[in-house]
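Accompanying notes for the structure given below.
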Amino acid sequence: FPVLPENENEDTQFAKKYLENFYDFKEEKNSLFKSKNLNHMADKIREMQSFFGLEVTGELNHKTLDMMKQARCGIPDIRS
Amino acid sequence: YSTFPRSPTWKKEDVTYRILNYTPDMLQADVEEAIAKAFQLWSSVTPLRFTRVYSGQADIMISFASGFHGDFYSFDGPGGTLAHAYPPGSGIGGDAHFDEDENWTKFPTYSGYNLFLVAAHELGHSLGLGHSNVFGALMYPIYMARDIRDYQLHQDDINGIQALYGSPRESSPTKAFPPQEPTEMTPAEAPTEMSPQEKPTRTTPSKPPSRPEDCDPRLTFDAITTLRGEILFFKGSYVWRKSPYFSEIEHDTISSFWPSLIAGFDAAYEVDKKDRVLFFKDDQYWAVSGYTIDTGFPKPIQNLGFPTSVRKIDAAVHDQNTKKTYFFVGNKYWSFNENTQSMERGYPRKISADFQGIGHKVDAAFQKNGYFYFFHGSNQYEVDMKKQKLIRIMKANSWFNC
Chain F
217 FPVLPENENE DTQFAKKYLE NFYDFKEEKN SLFKSKNLNH MADKIREMQS FFGLEVTGEL
277 NHKTLDMMKQ ARCGIPDIRS
Chain R
3 YSTFPRSPTW KKEDVTYRIL NYTPDMLQAD VEEAIAKAFQ LWSSVTPLRF TRVYSGQADI
63 MISFASGFHG DFYSFDGPGG TLAHAYPPGS GIGGDAHFDE DENWTKFPTY SGYNLFLVAA
123 HELGHSLGLG HSNVFGALMY PIYMARDIRD YQLHQDDING IQALYGSPRE SSPTKAFPPQ
183 EPTEMTPAEA PTEMSPQEKP TRTTPSKPPS RPEDCDPRLT FDAITTLRGE ILFFKGSYVW
243 RKSPYFSEIE HDTISSFWPS LIAGFDAAYE VDKKDRVLFF KDDQYWAVSG YTIDTGFPKP
303 IQNLGFPTSV RKIDAAVHDQ NTKKTYFFVG NKYWSFNENT QSMERGYPRK ISADFQGIGH
363 KVDAAFQKNG YFYFFHGSNQ YEVDMKKQKL IRIMKANSWF NC
């Protein structure tokens, strides 16, 4: 499984916010299963990586984070 | 390209816009011009006409704001989100908001964001387009500084907006006001919702430069190069691509590959072993590898060893066998050693002295399958360099299956 690191560092927080804004990621705040949230986020990372033509790994790797940090339009890329 | 859910569009061709406020980063006139030019991009490829009004409710209300500004998408300070816009609809529908915490600029710089480029993108949303994942497209969500002189929409953007509104009408009447300085209107001509005291309207013209026909016998080229097995023919902002794998010629624009490069090259050549193409325009040159423009460019052509008297070059071709690149200027040529990265001694020499049958200016040149092809006007000359022999003369567009 592409599993995110346990300790939620700043980058993870940033990525979460990015995915909420632009990829319709909704964190289930009171989910008992942390791994479910992580998997859901990894799915969204995959969606974002696919959109930008990055290698689709589901991991919050350097290139993915770099792309997230670029200046951009505020409209979501993916809409539910 | 993509659209918003249910593909909302404006159900009319005359769409109004209003600029509610300004950024202190730019002169008001520059803000107005940037936005008018952004609208012109879209009106040039659709039947839509955009008219600016100065009071009341317009279809597209344009404003600058910081942080929370009354809608669901608060801005986030410098960087990050630059702007957003809403799809066609009443009320906030169509409106475009720009983050005032950004540094807005009239020209693309590395320390700010060009208002024309960002406005053109957001107006794509105001007209119903979503984000595109085509790199180089205007509707690609990531900001990319690029050359805005003679900026053209990417084909993907054109496909998207024409899917929503169709192509421009042949005889789309431009209102009585071509886009010069506003002149006074007679009340009889003023749109009904405006009182005569207000400023007259400005309407965007629709006239994209069209690409010459493939088989036009008069077709000439600015520059030609090979690129990873394909042959790219350049004229103005247009590119004809001949691939060994497809019989059809593909039509693109320079900006669809290299958004920040200027259209209208003078020369181009590929150094195949380095997977690198160099483009020349006036006294500057750029190096690209695939989509990526190498850092540190443009550079002055004098770096290659040209005297300062040479202000531009006509054509260039790289000889894969000798690893030399020949630069053509007027009736002379230079030889550049790609291994030593230096111009060879004893040059310039007369083209006619060394290139059999080529006694005139060369517009473009490339090498393919051991033969050199020199273009002059609407003709091309196939030369066997080893045998120093002119093989045949053909039409310049003979590669297009005419």
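Protein sequences, first through last, are from chains F and R. FYI, in my numbering the residues of the first sequence are 217 to 296. FYI, in my numbering the residues of the second sequence are 3 to 404. All C-beta atoms, glycine included, are put in the ideal place defined by N, C-alpha and C.
Checklist entry - So which residues on chain F does R:Leu84 lean against when the C-beta distance must stay under 9 Å? => result In the second sequence, residue 84 of chain R corresponds to position 82, counting from 1. By Cβ distance, chain F contributes Ala287, Arg288, Cys289, Gly290.
Item to check | R:Tyr240 classed as buried or exposed, judged by whether at least 16 other C-beta atoms fall within 10 angstroms | outcome: Along the second sequence, one-based indexing puts residue 240 of chain R at 238. Buried, since its Cβ has 16 or more Cβ neighbours within 10 Å.
Checklist entry - Using DSSP with H/G/I as helix, E/B as strand and the rest coil, what is R:Glu34? => result Position 32 of the second sequence, counting from 1, holds the residue named residue 34 of chain R. Correct three-state label for R:Glu34: helix.
Checklist entry - Quick one, which residues of the segment 268-284 of chain F are near chain R if we go by CB-CB under 9 Å, in chain order? => result Phe268, Gly269, Met283
Checklist entry - For the segment 267-279 of chain R against the segment 302-318 of chain R, are there 3 or more C-beta pairs whose distance is under 8 Å? => result yes
Checklist entry - Which residue or residues does DSSP assign as beta-bridge partners of R:Ala317? => result Numbered from 1 along the second sequence, position 315 holds the residue referred to as residue 317 of chain R. R:Ala317 is bridged to R:Phe330.
Checklist entry - How long is the line joining the alpha carbons of R:Asp365 and R:Ala40, rounded to whole angstroms? => result Against the second sequence, residue 365 of chain R aligns to sequence position 363. Against the second sequence, residue 40 of chain R aligns to sequence position 38. Cα to Cα, the separation comes out at about 34 Å.
Item to check | Minimum Cβ-Cβ distance from F:Arg295 to chain R less than 8 Å | outcome: For the purposes of this step, residue 295 of chain F is taken as residue 79 along the first sequence, with counting starting at 1. It does; some Cβ of chain R falls within 8 Å.
Checklist entry - Buried or exposed: F:Thr280, going by 16 or more other Cβ atoms within 10 Å of its Cβ? => result Working through the first sequence from its first residue, we reach residue 280 of chain F at position 64. It is buried - the Cβ of F:Thr280 has at least 16 other Cβ atoms within 10 Å.
Checklist entry - F:Ala231 to R:Thr294, Cα distance in whole Å? => result For this step, residue 231 of chain F is matched to residue 15 along the first sequence. For this step, residue 294 of chain R is matched to residue 292 along the second sequence. Roughly 26 Å between the two C-alpha positions.
Checklist entry - Is the Cβ-Cβ distance between R:Ile360 and R:Phe377 less than 8 Å? => result Along the second sequence, read from residue 1 onward, the residue named residue 360 of chain R stands at position 358. Along the second sequence, read from residue 1 onward, the residue named residue 377 of chain R stands at position 375. It is not a contact, given that the beta carbons lie outside the stated cut-off.
Checklist entry - Assuming R:Lys334 contacts R:Lys352 under a Cβ cut-off of 8 Å, what Cβ separation, rounded to an integer in Å, is found between them? => result Numbered from its first residue, the second sequence carries residue 334 of chain R at position 332. Numbered from its first residue, the second sequence carries residue 352 of chain R at position 350. Sure, about 6 Å apart at Cβ, within 8 Å.
Checklist entry - In chain F, what lies closer than 9 Å to R:Thr144 by C-beta? => result Against the second sequence, residue 144 of chain R aligns to sequence position 142. Looking at the sequence itself, residue 144 of chain R is Ile, so the reference to Thr does not match. Within 9 Å Cβ-Cβ: Phe268, Met283, Gln286, Ala287, Arg288, Cys289.
Checklist entry - Taking buried to mean at least 16 other C-beta atoms within 10 Å of its own C-beta, is R:Met159 buried or exposed? => result Taking the second sequence and counting its residues from 1, one reaches residue 159 of chain R at position 157. Here the sequence assigns Asp to residue 159 of chain R, which means Met is not the residue at that position. Buried, by the Cβ-count rule.
Next on the checklist: Taking the alpha carbon of R:Thr25 as the reference point, which residue from R:His99, R:Trp288, R:Ser76 has its own alpha carbon closest?
Outcome noted: Taking the second sequence and counting its residues from 1, one reaches residue 25 of chain R at position 23. Looking at the Cα atoms, R:His99 is the closest of the given residues.
Next on the checklist: I'd like to know if R:Asn381 contacts chain F, where contact means its C-beta is closer than 8 Å to some C-beta of that chain.
Outcome noted: Start at 1 with the first residue of the second sequence, and residue 381 of chain R comes out as number 379. Answer no: the Cβ-Cβ gap between R:Asn381 and chain F never drops below 8 Å.
Item to check | Spatial distance of R:Ile1 from R:Arg213 (CA atoms) | outcome: Absent from the model: residue 1 of chain R. The displayed extent of chain R is 3 to 404, so no value can be given.
Checklist entry - Between which two residues does the alpha helix (DSSP H) carrying F:Glu236 extend? => result Residue mapping note: residue 236 of chain F aligns to position 20 of the first sequence, counting from 1. Counting along the chain, the alpha helix (DSSP H) containing F:Glu236 begins and ends at 226-238.
Checklist entry - Cα-Cα, which of R:Asp284, R:Val290, R:Glu102, R:Pro10 is closest to R:Arg278? => result What you label residue 278 of chain R is simply residue 276 of the second sequence in a count that begins at 1. When each option's Cα is compared against that of R:Arg278, the closest is R:Val290.
Next on the checklist: If we require 3 or more residues per run, which beta strand (DSSP E) segments fall completely within the segment 28-98 of chain R?
Outcome noted: 51-54, 62-67, 83-87
Item to check | Closer than 9 Å at the beta carbon, the chain F residues around R:Tyr3 | outcome: For the purposes of this step, residue 3 of chain R is identified with residue 1 of the second sequence, where counting begins at 1. By Cβ distance, chain F contributes nothing, its closest Cβ being about 12 Å from R:Tyr3, past 9 Å.
Checklist entry - Assuming R:Val385 and R:Gln358 make a contact with CB atoms under 8 Å, what is their CB distance in whole Å? => result As a position in the second sequence, residue 385 of chain R is number 383, starting the count at 1. As a position in the second sequence, residue 358 of chain R is number 356, starting the count at 1. 6 Å between Cβ atoms; contact.
Item to check | Three-way DSSP call (helix, strand, coil) for R:Leu306 in this model | outcome: Working through the second sequence from its first residue, we reach residue 306 of chain R at position 304. Three-state result, R:Leu306: helix.
Checklist entry - R:Phe405 bridges to which residues according to DSSP? => result With chain R covering only 3 through 404, there is no way to say anything about residue 405 of chain R.
Item to check | Sequence ranges, beta strand (DSSP E) only - wholly within the segment 208-232 of chain R, length at least 3 | outcome: 225-229
Checklist entry - Okay, do the segment 107-122 of chain R and the segment 139-146 of chain R touch, 3+ Cβ pairs below 8 Å being the bar? => result yes
Next on the checklist: Less than 8 Å between C-beta atoms, sequence neighbours within five positions excluded: which residues of the same chain meet that for R:Asp97?
Outcome noted: Here residue 97 of chain R refers to the residue found at position 95 of the second sequence. Same-chain partners within the cutoff: Ile62, Met63, Ile64, Ser65, Ala87, Tyr88, Ser128.
Checklist entry - Are the beta-carbon atoms of R:Gly251 and R:Ala265 separated by less than 8 Å? => result Residue mapping note: residue 251 of chain R aligns to position 249 of the second sequence, counting from 1. Residue mapping note: residue 265 of chain R aligns to position 263 of the second sequence, counting from 1. It should be noted that the sequence gives Ile, not Gly, for residue 251 of chain R. No, Cβ-Cβ distance for R:Ile251 and R:Ala265 is not below 8 Å.
Item to check | Cβ-Cβ separation, R:His253 to R:Trp260 (assumed contact under 8 Å), whole Å | outcome: For the purposes of this step, residue 260 of chain R is taken as the residue at position 258 of the second sequence. For the purposes of this step, residue 253 of chain R is taken as the residue at position 251 of the second sequence. Wrong, their Cβ atoms sit about 16 Å apart, outside the cutoff.
Next on the checklist: Between which residues of its own chain and R:Asn381 is the CB-CB distance below 8 Å, once the five residues before and five after are set aside?
Outcome noted: As a position in the second sequence, residue 381 of chain R is number 379, starting the count at 1. Closer than 8 Å at the Cβ level, and outside the excluded window around R:Asn381, lie Ile395, Met396, Lys397, Ala398.
Checklist entry - When you compare each of R:Met141, R:Gly168, R:Trp106 to R:Val47 by their alpha carbons, which one comes out closest? => result Along the second sequence, read from residue 1 onward, the residue named residue 47 of chain R stands at position 45. Comparing Cα positions, the closest option is R:Gly168.
Checklist entry - Can you tell me the Cα-Cα spacing of R:Glu124 and R:Gly298, whole angstroms? => result Residue numbering aside, residue 124 of chain R sits at position 122 when the second sequence is read from its first letter. Residue numbering aside, residue 298 of chain R sits at position 296 when the second sequence is read from its first letter. Distance between the alpha carbons of R:Glu124 and R:Gly298 is about 30 Å.
Item to check | Exposure label - F:Glu244; buried when at least 16 CB within 10 Å | outcome: Mapped onto the first sequence, residue 244 of chain F falls at position 28. Classification for F:Glu244: exposed.
Item to check | Supposed contact pair R:Arg20 and R:Arg54 - C-beta distance, whole angstroms, cut 8 Å | outcome: The residue you call residue 54 of chain R lines up with position 52 of the second sequence. The residue you call residue 20 of chain R lines up with position 18 of the second sequence. Yes, they are in contact, since the Cβ atoms of R:Arg54 and R:Arg20 sit about 7 Å apart, within 8 Å.
Item to check | With 16 other Cβ atoms within 10 Å as the buried cut-off, status of F:Gln265 | outcome: Taking the first sequence and counting its residues from 1, one reaches residue 265 of chain F at position 49. F:Gln265 is buried by the Cβ-count criterion.
Next on the checklist: Using DSSP's beta-bridge definition, name the partner residues of R:Ile163.
Outcome noted: Along the second sequence, one-based indexing puts residue 163 of chain R at 161. DSSP lists no partner for R:Ile163.
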